[in-house]
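J.: Below you'll find the structure I mean.
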Amino acid sequence: MNQTIETILNHKSVRSFKNIRLTESQIEQLVEASQAASTASYQQNYSIIGINDPIIKRKIAKCAGNQPFIEESGHLFIFCADLYRNKLMSEELNIDIEKTIQGVDATIVGAVDTSLAAQNMVIAAESMDLGVCYIGGVRDGIIEISELLELPNYVYPVFGLVVGYPSEENDKKPRIPFEGIYHENKYNLDKMHIIKQYNKDTNTYYSVRSGKSSDRSWAKTAISSLNRLPRTFIKDFLNKRGLSKH
Ligand SMILES: Cc1cc2nc3c(=O)[nH]c(=O)nc-3n(C[C@H](O)[C@H](O)[C@H](O)COP(=O)(O)O)c2cc1C
Numbered sequence: 011m012n013q014t015i016e017t018i019l020n021h022k023s024v025r026s027f028k029n030i031r032l033t034e035s036q037i038e039q040l041v042e043a044s045q046a047a048s049t050a051s052y053q054q055n056y057s058i059i060g061i062n063d064p065i066i067k068r069k070i071a072k073c074a075g076n077q078p079f080i081e082e083s084g085h086l087f088i089f090c091a092d093l094y095r096n097k098l099m100s101e102e103l104n105i106d107i108e109k110t111i112q113g114v115d116a117t118i119v120g121a122v123d124t125s126l127a128a129q130n131m132v133i134a135a136e137s138m139d140l141g142v143c144y145i146g147g148v149r150d151g152i153i154e155i156s157e158l159l160e161l162p163n164y165v166y167p168v169f170g171l172v173v174g175y176p177s178e179e180n181d182k183k184p185r186i187p188f189e190g191i192y193h194e195n196k197y198n199l200d201k202m203h204i205i206k207q208y209n210k211d212t213n214t215y216y217s218v219r220s221g222k223s224s225d226r227s228w229a230k231t232a233i234s235s236l237n238r239l240p241r242t243f244i245k246d247f248l249n250k251r252g253l254s255k256h
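Sequential numbering from 11 applies to the sequence shown in the numbering used here.
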């Protein structure tokens, strides 16, 4: 196995950090790694906002589900889908792209570009012995955070990413086995037995994992998060920002 794959396979989210800030040069390297990701039609539909002001960081941590480790991390990046930059450029070129960027597909393209860039940062950070955790909780406070960061229309936060030196590491969470996730030539409906067995195995994982043993399983965790109230305000928020209108 080569070192890149080893880094990828060793991934685990980190939620406990040493009190060490990232250096400017680390931040630049991480952003450069993000930018090397593929991007739809070379559109580069994202912006990355680094938060080093402790007051802003605290406000975001509060809006993003009150997750205290956000404040403790070495750096907080807010990954935003950004169709505004291309809107400005279209005006320079006198081409009307409004109809396109106001569609749901453009919102998807923005989120995809943003996610690819973020995941490149994750791999780069982990290869530098840094730990990371995505912060989807940012979308709980999407309205307040967008105002706080002065995001213009056609820009929205997709998630945050905290990066820093781990002070504590979780065990690696087992994934669905290859046969459960990989289909050949068509979607195979007959995989539930693999998924059920995997769920049992994760129950064992949770009961023996180091530090905090609990009576959980993959499905209990995943489904309880899907059972929360949906963020119904997001559609209206995106519409007001000029996005996802049709
Ligand atoms: C888009 C996205 C949003 C996430 N949001 C949060 C979050 O707000 N808080 C948190 O503690 N973990 C968050 N996570 C981390 C997941 O909980 C974690 O990736 C998952 O449990 C698998 O664990 P692992 O990353 O250690 O393998 C998020 C992950 C993703 C991809």
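Glycine included, each C-beta is placed from N, C-alpha and C at the ideal position.
To which residues of the same chain is Gln45 closer than 7 Å at the C-beta, ignoring the five residues directly before and after it?
T.: Mapped onto the sequence shown, residue 45 falls at position 35. Closer than 7 Å at the Cβ level, and outside the excluded window around Gln45, lie Ala127.
J.: Leaving aside the five residues before and after Ser26 along the sequence, list all residues of the same chain whose C-beta is less than 7 Å from its C-beta, in chain order.
T.: For this step, residue 26 is matched to residue 16 along the sequence shown. Same-chain partners within the cutoff: Phe79, Pro176, Ser177 and Glu178.
J.: Using DSSP bridges, identify the partner residues of Ile61.
T.: Indexing the sequence shown from 1 puts residue 61 at position 51. According to DSSP, Ile61 bridges with Leu86.
J.: Does the structure place the stretch 56 to 67 close enough to the stretch 192 to 210 that three or more beta carbon pairs sit under 8 Å?
T.: The stretch 192 to 210, when compared against the stretch 56 to 67, does not touch it at the 8 Å Cβ threshold.
J.: Classify Ile107 as helix, strand or coil using the three-state DSSP reduction.
T.: Position 97 of the sequence shown, counted from the start, is the residue given in the question as residue 107. DSSP places Ile107 in coil when its eight states are reduced to three.
J.: Strictly by DSSP, which residues pair up with Gly9?
T.: No answer is possible for residue 9: it lies beyond the span of the chain, which begins at 11 and ends at 256.
J.: Out of Asp225, Pro167, Ile111 and Gly84, which has the shortest C-alpha to C-alpha gap to Leu31?
T.: Locating residue 31 in the sequence shown gives position 21, counting from the first residue. The question names Leu, but residue 31 is Arg in the sequence shown. Out of Asp225, Pro167, Ile111 and Gly84, Gly84 has the C-alpha closest to the C-alpha of Arg31.
J.: Using 8 Å as the threshold, is the stretch 115 to 133 in touch with the stretch 189 to 203, meaning 3 or more CB pairs across them?
T.: Because the criterion of three Cβ pairs below 8 Å is not met, the stretch 115 to 133 and the stretch 189 to 203 do not touch.
J.: Under the DSSP definition of a beta bridge, which residues are partnered with Pro167?
T.: In the sequence shown, residue 167 corresponds to position 157, counting from 1. BP columns for Pro167 point to Cys90.
J.: For ligand 1, is there any heavy atom lying closer than 7 Å to the beta carbon of Arg238?
T.: For the purposes of this step, residue 238 is taken as residue 228 along the sequence shown, with counting starting at 1. Incorrect: Arg238 has no Cβ contact closer than 7 Å to ligand 1.
J.: In chain order, what residues of the same chain lie with their CB nearer than 8 Å to the CB of Lys37, ignoring the 5 residues before and after it?
T.: Looking up residue 37 in the sequence shown gives position 27. The residue asked about is misnamed: residue 37 is Ile in this sequence, not Lys. Taken in chain order, the residues that qualify are Gly60 and His85.
J.: Who are the Cβ neighbours of Asn213 in its own chain at under 6 Å, not counting the five residues just before and after it?
T.: By 1-based counting over the sequence shown, the position of residue 213 is 203. These residues qualify, in order along the chain: Ser227.
J.: Tyr197 by DSSP, collapsed to three states: which one?
T.: Looking up residue 197 in the sequence shown gives position 187. Coil at Tyr197, not helix or strand.
J.: Flag this pair as touching only if the stretch 166 to 175 and the stretch 98 to 113 have three or more C-beta atom pairs under 8 Å; answer yes or no.
T.: No: the two stretches stay apart, fewer than three of their Cβ pairs being nearer than 8 Å.
J.: Below 8 Å on the Cβ atoms is my guess for Ile70 versus Ile155; work out the distance and round it to an integer in Å.
T.: Here the question's residue 70 lines up with position 60 in the sequence shown. Here the question's residue 155 lines up with position 145 in the sequence shown. Contact flag correct, Cβ pair sits at about 6 Å.
J.: Do Ile244 and Ile145 have their beta-carbon atoms positioned less than 8 Å apart in this structure?
T.: Here residue 145 corresponds to residue number 135 of the sequence shown, with the count starting at 1. Here residue 244 corresponds to residue number 234 of the sequence shown, with the count starting at 1. No, they are not a contact pair.
J.: Residue ranges of each alpha helix (DSSP H) run of no fewer than 4 residues wholly in the stretch 27 to 51, ordered along the chain?
T.: Those alpha helix (DSSP H) runs which fall completely within the stretch 27 to 51 and span 4+ residues are 34 to 45.
J.: Is the beta carbon of Cys143 within less than 7 Å of some heavy atom of ligand 1?
T.: Taking the sequence shown and counting its residues from 1, the one referred to as residue 143 is at position 133. Checking every heavy atom of ligand 1 against the Cβ of Cys143, one is found closer than 7 Å.
J.: Here's the rule: buried if 16 or more other CB atoms are within 10 angstroms of the residue's CB, otherwise exposed. What is Ala232?
T.: Residue 232 sits at position 222 when you count from the first residue of the sequence shown. That one is exposed.
J.: Could you give the residue range of the alpha helix (DSSP H) that holds Glu189?
T.: Position 179 of the sequence shown, counting from 1, holds the residue named residue 189. Counting along the chain, the alpha helix (DSSP H) containing Glu189 begins and ends at Phe188 to Ile191.
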